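A quick write-up on the structure given underneath.
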Amino acid sequence: MHTVNAYAATSATEPLSPTTIERREVGPRDVLIEIKYCGICHSDIHHARSEWGEQTYPVVPGHEIAGIVTAVGSEVTKFDVGDRAGVGCLVDSCRECVNCRAGREQYCVQGGGTLTFGSVDKDGRLTQGGYSTHITVDQDFVLKLPRNVDLAQVAPLLCAGITTYSPLRHWGAGPGKKVAVIGLGGLGHMAVKFAHAMGAEVTVLSQSLKKMDDGLRLGADHYYATSDPETFEKLAGTFDLIVNTVSAKLDLDAYLGLLAVDGALVNVGAPAEPLSLHVFSLLMKGRSFAGSLIGGLPETQEMLDFCDEHGIGAEVEVIPAEKINEAYDRVLASDVRYRFVIDTTTLA
Ligand code: NAP
Ligand code: ZN
Ligand code: ZN
598 MHTVNAYAAT SATEPLSPTT IERREVGPRD VLIEIKYCGI CHSDIHHARS EWGEQTYPVV
658 PGHEIAGIVT AVGSEVTKFD VGDRAGVGCL VDSCRECVNC RAGREQYCVQ GGGTLTFGSV
718 DKDGRLTQGG YSTHITVDQD FVLKLPRNVD LAQVAPLLCA GITTYSPLRH WGAGPGKKVA
778 VIGLGGLGHM AVKFAHAMGA EVTVLSQSLK KMDDGLRLGA DHYYATSDPE TFEKLAGTFD
838 LIVNTVSAKL DLDAYLGLLA VDGALVNVGA PAEPLSLHVF SLLMKGRSFA GSLIGGLPET
898 QEMLDFCDEH GIGAEVEVIP AEKINEAYDR VLASDVRYRF VIDTTTLA
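Those letters in the sequence shown? Residues 598 to 945, by the numbering used here.
Next up, the structure:
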């Protein structure tokens, strides 16, 4: 075990605060990563505040980890000391079930895999995330990172990136397809970049027009405010695919009405409250309502390689660790352009 600095939530209501945690020694198949940057995902906030169910505290959030390899175990073949390396939402899974064998570890039948923080690891200890200076992870769950993109901008790809890339690929975003993205936050702005890079016609549906210039610069062709009721009349029956990234409850029927025949609305936003819909919103035009959870390891690597090829990274505001609580408040106020990333060297 070795002790490293970190920032942890100690209860659902207290601000996060500095602490130390233990990382395991580097085993034969392990990679030790010196974390340089860690993104702040809205899921970190849901977790830290026990919005999805009671957490065990203290918990160190963070699953958008980008850093440099500083040690490798004797059987590690994928990485060398000095390589860029990333870790997303998963650090392990059963590796044997039908979904793990298909490279869809996020749907592991044995409980959905071992999450980077807040899960019980094989050694019985609670996993702790990336708001820390180092992490030890099995090489199979470590990703190779783009070399042509600034490392701070790479970190959010490990969750916001894959979570939007995966449903866009699954539901066929590409030339000739009209894709809408609800919410221009961390996930939403990556969805816009990817859908544009895949060749789709992209529309942002944001609460207001405040971020319109950014949305168009990021690759959107159109931008509408959902606070304006005319938006829903004008765009009725338009889209082949809508990706909903909103962290709060929405009127699903209103958004389903924007889908064309056979269109799909995919929810990646994960509000704690149940959502409801009228089935007629689906039946009348053969529409689908679907969900998607991050992505498996092979698809995450595919997404990172796509980003390397297209020079895609997140739009980030880099902050020192002492500003984590302030950043949480700003995310909750939809005041994020477009991902806060912690400079984890400020924890050293
Ligand atoms: P975020 O940066 O806070 O972005 C969410 C955006 O939704 C906001 O920027 C805002 O965009 C819009 N929004 C917020 N509150 C709203 C409201 N009350 N009504 C309408 N729109 C609202 O959050 P994020 O990190 O992108 O995460 C978004 C959600 O996805 C969270 O629930 C998170 O837990 C979840 N998530 C899911 C997965 C998965 O695997 N499925 C992975 C990661 C995250 P505008 O200002 O443009 O309206
Ligand atoms: Zn996340
Ligand atoms: Zn499995």
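All C-beta atoms, glycine included, are put in the ideal place defined by N, C-alpha and C. Since this is a predicted model, take the numbers as computed values, not measurements.
Checklist line | Any non-hydrogen atom of ligand 3 within 7 Å of valine 706 CB | finding: yes
Check: What span of residues does the alpha helix (DSSP H) with leucine 853 cover, start to end?
Finding: 849-853
Note to self: I'd like to confirm something about serine 889: is its beta-carbon nearer than 7 Å to some heavy atom of ligand 2, or not?
What the structure shows: no
Note to self: Just list the residues that DSSP pairs arginine 617 with in beta bridges.
What the structure shows: Note that residue 617 corresponds to threonine in the displayed sequence, not to arginine. Asn602.
Notebook entry, point to check: If you draw a straight line from the C-alpha of aspartate 677 to the C-alpha of glycine 685, how long is it?
Noted result: 19 Å
Item checked: the segment 875-886 contacting the segment 900-912, beta-carbon criterion three pairs below 8 Å -> no
Check: Identify the residues that DSSP records as bridge partners of glutamate 912: which are they?
Finding: Glutamate 912 is not bridged to any residue.
Notebook entry, point to check: In three-state DSSP terms, what is histidine 660?
Noted result: coil
Check: Looking at the unbroken alpha helix (DSSP H) that takes in aspartate 825, where does it start and where does it end?
Finding: Segment: none, aspartate 825 is in no alpha helix (DSSP H) and carries neither H nor E.
Checklist line | Option in Pro917, Gly893 and Val657 with minimal Cα separation from glycine 709 | finding: Gly893
Note to self: Since methionine 598 and glutamate 622 should fall inside the 8 Å C-beta cutoff, what is the C-beta to C-beta distance between them, to a whole number of angstroms?
What the structure shows: 7 Å
Checklist line | Buried or exposed (CB count within 10 angstroms, at least 16 for buried), glutamine 707 | finding: exposed
Note to self: Tell me the rounded alpha-carbon separation between glycine 785 and valine 778.
What the structure shows: 6 Å
Notebook entry, point to check: Any idea if arginine 698 is buried or exposed, counting beta-carbon neighbours within 10 angstroms, 16 or more meaning buried?
Noted result: exposed
Notebook entry, point to check: Buried or exposed: where does serine 978 fall if 16 or more other Cβ atoms within 10 Å of its Cβ makes it buried?
Noted result: The structure shown does not extend to residue 978, since the chain spans only 598 to 945, so no value can be given for it.
Check: For lysine 633 versus alanine 605, is the C-beta distance shorter than 8 Å?
Finding: no
Check: valine 666 and alanine 645: beta carbons closer than 8 Å?
Finding: no
Notebook entry, point to check: Is glutamine 703 closer than 8 Å to isoleucine 839 when the C-beta atoms are compared?
Noted result: no
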